[in-house]
Amino acid sequence: MSEQDSTEDGVLTQSFLNQVGSRIRLLRTGRDMTVQQLADQAQVSRRLLTQIEHGQANPSLVAVTRIARSLGTDFTELLSDTVPGEAAIERVAADEHLLVWTSPAGSTAHLLVSTPGVRAADLWSWVLVPGDSYGGMPDPQGSFELFHVTSGELTLTADDEVSRIAAGESARLRSDRAYRYVNEGSVPTVFLRTVVLAR
1 MSEQDSTEDG VLTQSFLNQV GSRIRLLRTG RDMTVQQLAD QAQVSRRLLT QIEHGQANPS
61 LVAVTRIARS LGTDFTELLS DTVPGEAAIE RVAADEHLLV WTSPAGSTAH LLVSTPGVRA
121 ADLWSWVLVP GDSYGGMPDP QGSFELFHVT SGELTLTADD EVSRIAAGES ARLRSDRAYR
181 YVNEGSVPTV FLRTVVLAR
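Note that full-length UniProt numbering numbers the sequence shown so that position 129 is 129, with each residue one more than the last.
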């Protein structure tokens with residue numbers, strides 16, 4: 001597993017890994033692809049892909065997204081074995097929010113809701129405890145993340161830039177480069193994050 005294929009900080013939850021791994025295996029076998037063929041297309045190692053399918057790896061969200069795209073789908077559709085409904089409004093109950101990432105210090109990231117298809121977007125709720133951080137690998141060229149801090153202060157870094165976002169403020173991050181979220185304060189930072197990946 002290469003450094004870019006694994007998360008830098010914290011871990012993806014086991015329930016998330018099991019769900020995504022099973023779905024990847026189902027989609028891969030349904031397309032008559034070998035593990036090696038999918039690994040080559042997604043630019044991940046065969047070993048990592050095998051571990052992901054068995055829920056035994058801690059891949060980066062970027063690696064999971066590359067695998068999803070190689071299967072002709074997207075990250076959010078890996079989380080469901082159902083087709084999105086046609087209703088104008090689809091409510092997601094609080095107990096359906098998916099805990100995707102945790103850190104040893106107790107920080108969390110929940111996927112709240114997402115859109116399927118070509119213009120996919122994900123809405124996340126994050127809590128970073130004081131002194132904790134998350135480092136992200138570059139998303140596809142032209143991707144963005146949107147932030148709104150509801151409490152505490154969030155420090156964003158990308159390239160050589162550092163920006164501190166206070167409660168009530170919002171920010172836009174070009175996520176097609178390495179980036180980091182940090183809580184440098186003394187209270188938990190709570191924020192909403194929307195991911196808009198370029199295709």
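Heads up, the beta-carbon is just placed ideally off N, CA and C, and yes, glycines get one too.
Boundaries (first-last residue) of the beta strand (DSSP E) holding residue i
i    : result
I165 : 161-166
G21  : That residue, G21, is in no beta strand (DSSP E); its alpha helix (DSSP H) goes 14-30.
S151 : 144-151
A109 : 108-114
V186 : It is Ser, not Val, that sits at residue 186 in the sequence shown. That residue, S186, is in no beta strand (DSSP E); it is neither H nor E in DSSP.
V100 : 98-102
G136 : 133-136
Residues near residue i by beta carbon distance below 6 Å, same chain, minus five either side
i    : result
E184 : T155
Reduced DSSP category for residue i - H, G, I as helix; E, B as strand; rest coil
i    : result
E90  : coil
L192 : strand
R174 : strand
D122 : strand
Distance between residue j and residue i (C-alpha atoms, nearest Å)
i    : j    : result
A167 : L128 : 13 Å
T189 : F147 : 12 Å
Q19  : G30  : 17 Å
V100 : Q14  : 9 Å
L197 : S186 : 32 Å
R69  : F75  : 8 Å
Q36  : Q43  : 10 Å
L112 : D122 : 8 Å
Y134 : L192 : 14 Å
R47  : E53  : 10 Å
E153 : V62  : 25 Å
T34  : G55  : 18 Å
T194 : A105 : 23 Å
L173 : S45  : 29 Å
7 Å CB neighbourhood of residue i in its chain, flanking five on each side removed
i    : result
A171 : F147, L156, S163, I165
Same chain only: Cβ atoms within 8 Å of residue i, ignoring 5 sequence neighbours per side
i    : result
Q141 : D176, A198
Those runs of the alpha helix (DSSP H) which lie wholly inside the UniProt domain "HTH cro/C1-type" (24-78) and span at least 4 residues: 35-42, 46-53, 61-70
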